[in-house]
Amino acid sequence: MLNKPKFWAKTNFLSRIFTPLSYIYFLLFICRGYFFKKRKVNIPVICVGNLTIGGAGKTPVAISLAKFLISKGLNPHFITRGYKGRLRGPVLVSKQHSPHDVGDEPILLSEIAPTWVSRNKVNGALLAEENNADLILMDDGLQNDSLYKDLSILVIDGGFGFGNNKLIPAGPLRETPKQSSRKIDFIILVNDPEKNVKLDLSIFKCPVLESDIETILEDLDLNKNFSGFCGIGRPEKFFSSLKKSGIKLKFSKSYPDHHQYSEDEVMKIIEDANIEKSEVLTTKKDWVRLPENAKLMINYLDCRIKFHDITKLQENLSNILEIKK
295 MLNKPKFWAK TNFLSRIFTP LSYIYFLLFI CRGYFFKKRK VNIPVICVGN LTIGGAGKTP
355 VAISLAKFLI SKGLNPHFIT RGYKGRLRGP VLVSKQHSPH DVGDEPILLS EIAPTWVSRN
415 KVNGALLAEE NNADLILMDD GLQNDSLYKD LSILVIDGGF GFGNNKLIPA GPLRETPKQS
475 SRKIDFIILV NDPEKNVKLD LSIFKCPVLE SDIETILEDL DLNKNFSGFC GIGRPEKFFS
535 SLKKSGIKLK FSKSYPDHHQ YSEDEVMKII EDANIEKSEV LTTKKDWVRL PENAKLMINY
595 LDCRIKFHDI TKLQENLSNI LEIKK
């Protein structure tokens, strides 16, 4: 996936040029829905997704929900597409799989709960059910109507919002807020480390829960100098969070989202960092994509979602899943 074009953030002449193609995308999206016969499985399905291309924070949200459900004695299973992975599935992610096999996000999810990579969501759900899952957490999939969802959660990146509010390719939207408004049960707004954009969410008749991305700084000496790199949806968000945490960066370098790093690229980063007398930092999502011999030379920072108040969502989950309080 390439980095988001700058015109996706704000309407300009380029977004206007691509607008006619957005109408074609819209028609194809509508027609696609008619070919799906929605299937309901015998266990609850909770979908965590977004409306835009690129990172909004949905994977940390899905991980946070899984941890809550596990703490209640439940056995959630993840289902994900496995973007950039070669396997179509359905396949249960194991320690033998690499990001080349299943993508980077499934590797992270599988550390928390059983994770199925499946382009066909129904087949993945049926296998999860056969393997004693109590419920399914779909990491992404709001635009996939093949599987009935008991709860749909929309994650919004507060620093980007809906961009220029135009559909692909004129903008970042997979579907419009109006299209999706009826199927969304909760919105989780992930605040930007710097500043949120103005958002009108009045079209959504559901609770909006605010949250922050919290960088985990355990075992990190903040007196040292660091250099950072990442290949995620919004790299500036990672670098801003480092700065906010008091980390001194000698230099920063960004790559396309889900970038597969070569040994030469990584060694060049390490060499440049050595010149600056700094240690190298990246995200955990990037770290799992590194060549094995480079992982020992590079530090990663994990992150977690910190909700301002998650009570309403937890109560809703408890009602759906009949969790004893």
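Per our numbering, residue 295 is the first one in the sequence shown, and the count goes up by one each step.
Don't be surprised by glycine CBs; every beta carbon is placed ideally from N, CA and C.
- Pairwise C-beta distances place the segment 334–342 out of contact with the segment 458–468, as fewer than three of them are shorter than 8 Å.
- In this structure, Gly-349 and Gly-527 form a Cβ contact; the two beta carbons are roughly 3 Å apart against a cut-off of 8 Å.
- Each residue's CA atom was taken as its position, placing Leu-429 and Asn-369 some 7 Å apart.
- Per the Cβ contact rule, the segment 317–326 is not in contact with the segment 417–436 (fewer than 3 Cβ pairs under 8 Å).
- Between the beta-carbon of Lys-544 and that of Asn-519 there is about 5 Å, and that keeps the pair under the 8 Å contact cut.
- Straight-line measurement puts the Cα of Leu-514 at about 22 Å from the Cα of Ser-548.
- Contact annotation: Lys-606 and Leu-503 have beta-carbon atoms nearer than 8 Å.
- Looking at the DSSP output, Leu-595 shares a beta bridge with Thr-577.
- A distance of 8 Å or more separates the beta carbons of Arg-598 and Glu-512.
- Taking 4 residues as the minimum length, the alpha helix (DSSP H) runs contained wholly in the segment 380–438 are 393–396, 398–404 and 415–424, in order along the chain.
- At a Cβ-Cβ threshold of 8 Å, Phe-456 and Leu-345 count as neighbours.
- Assigned with DSSP and collapsed to three states, Val-491 falls in coil, not helix or strand.
- For the 8 Å CB-CB criterion, Arg-413 and Gly-383 form a contact.
- Excluding residues up to 5 positions away in sequence, nothing lies with its Cβ nearer than 8 Å to the Cβ of Ile-569 in the same chain.
- A distance below 8 Å separates the beta carbons of Arg-583 and Asp-398.
- Within the segment 300–373, the complete alpha helix (DSSP H) segments of 4 residues or longer fall at 307–328 and 352–365, listed in chain order.
- Cβ neighbours of Tyr-555 within its own chain (closer than 8 Å, five residues either side excluded): Gly-525, Tyr-549, Asp-580, Arg-583, Leu-584, Pro-585 and Ala-588.
- Gly-376 is positioned such that its CB atom lies closer than 8 Å to that of Val-411.
- Its Cα nearest to that of Ile-406, the residue Ser-365 stands out among Ile-311, Phe-533 and Ser-365.
- Between Met-591 and Ile-614 the beta-carbon gap is near 45 Å, outside 8 Å, which marks them as no contact.
- DSSP, reduced to helix, strand and coil, places Glu-512 outside both helices and strands of the structure shown, so it counts as coil.
- Ser-474 carries a helical assignment under DSSP once its states are collapsed to helix, strand and coil.
- In this structure Asp-494 is not in contact with Phe-330, their Cβ atoms being roughly 30 Å apart against a cut-off of 8 Å.
- Relative to Phe-480, the option among Leu-611, Lys-304, Pro-338 and Thr-305 whose CA is nearest is Leu-611.
- Counting every other CB atom within 10 Å of its CB across the protein chains shown gives Ser-388 a total below 16, marking it as exposed.
- For Thr-313, same chain residues with a beta-carbon under 8 Å away, outside a window of 5 residues either side, are Lys-460 and Ala-464 in chain order.
- Beta-bridge analysis with DSSP links Glu-504 to Leu-483.
- Annotation: Asp-551 is outside any alpha helix (DSSP H) and is labelled neither H nor E by DSSP.
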